[in-house]
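Numbering (the numbering used here), first residue to last: 557 to 796.
So this is what it looks like as structure tokens:
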């Protein structure tokens, strides 16, 4: 019996053009730290840290630790040189990026319906952002007050999508098996990779990301509206 629904955030519960969002985010962040480090060097170090997180499969090192170590090494900075400025950015500037998203009340309706149907719910967003940035996006989607049992953030996560370790780690935290979970997301590679360990998958249309390869199994797909209807009717992968 299905017990847990894992929801991706960006492009799923919070419709957005992820590429445009990341481009603006990096440009603004580089500008905010330009008095500390050259923007080109900063962006190179930022990408380097992100790539290090994406390849990390050491369960004893959090994504935050991996990012920080790589970023500081590539930038030549000490943590105290730049982290206060980064923290201030996520607290004061990042919230202004909400205009780059297209929040819809349907995201909240979907999660509430899942809860009404007896599912446990979690936010399985790729944990390459600090907790502050992820929780700002939960607010934009108007779902920050819903009873998610887990929200994956880089301070507390040790893996990223599309590694199967990421999904296995979530199962361990929630004390369920993969066969008891449904992954709902818009990314054909990062989200649908959950099918590799036996999770059911639902692809949300509207902001689909598809790199063409690799291809993973998709059990069902549809818009947020169609997803909501299937939850209400307990159809497809949402049968109780």
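For each residue, glycine too, the CB sits at the ideal point set by N, CA and C.
The model shown is predicted, which means the values in this text are computed figures rather than measured ones.
| Asked | Found |
| --- | --- |
| is_contact[residue 564, chain C] using C-beta, thresh 7 Å | Annotation note: the requested chain C is absent from the structure, which comprises a single protein chain. |
| Distance CB(residue 580)-CB(residue 656) smaller than 7 Å | yes |
| Short Cβ contact (7 Å threshold) for residue 564 with residue 680 | yes |
| Rounded Cβ spacing between residue 682 and residue 716 (contact assumed at less than 8 Å) | 6 Å |
| Buried versus exposed call for residue 567 [16 or more other C-beta atoms within 10 Å across all chains shown] | buried |
| Contact the segment 749-760 vs the segment 773-785: 3+ CB pairs below 8 Å | yes |
| Beta-carbon proximity list for residue 574, same chain, < 6 Å, skipping 5 on both sides | 566 and 567 |
| For residue 561, the first and last residue of its enclosing beta strand (DSSP E) | 560-563 |
| Residue 757 (DSSP reduced to helix, strand or coil) | strand |
| Enclosing beta strand (DSSP E) for residue 777 [first to last residue] | 776-778 |
| Counterpart residues of residue 765 in DSSP-defined beta bridges | 743 |
| Range of the contiguous beta strand (DSSP E) that encloses residue 578 | Careful: residue 578 lies outside any beta strand (DSSP E), inside the alpha helix (DSSP H) at 574-588. |
| Cβ neighbours of residue 633 in the same chain (closer than 6 Å, five flanking residues each side left out) | none |
| Cβ-based burial, residue 576 [other Cβ within 10 Å; buried from 16] | exposed |
| Between the CA atoms of residue 736 and residue 582 - distance to the nearest angstrom | 37 Å |
| Whether residue 684 touches residue 626 by CB criterion (7 Å) | no |
| Buried/exposed call for residue 728, threshold 16 Cβ in 10 Å | exposed |
| Rounded straight-line distance, which links the Cα of residue 751 to that of residue 740 | 11 Å |
| Beta-carbon contacts of residue 664 that lie in its chain and below 6 Å, excluding the five residues immediately before and after | 698 and 699 |
| Under the three-state DSSP convention, the category residue 709 falls into | coil |
| Where the beta strand (DSSP E) through residue 749 begins and ends | Where residue 749 is concerned, there is no enclosing beta strand (DSSP E), given that its DSSP letter is neither H nor E. |
| Check whether residue 561 and residue 738 have beta carbons under 7 Å apart | yes |
| Those residues which DSSP pairs with residue 570 across a bridge | 566 |
| Nearest neighbour of residue 730, chosen from 675, 747, 598 and 719 [CA to CA] | 675 |
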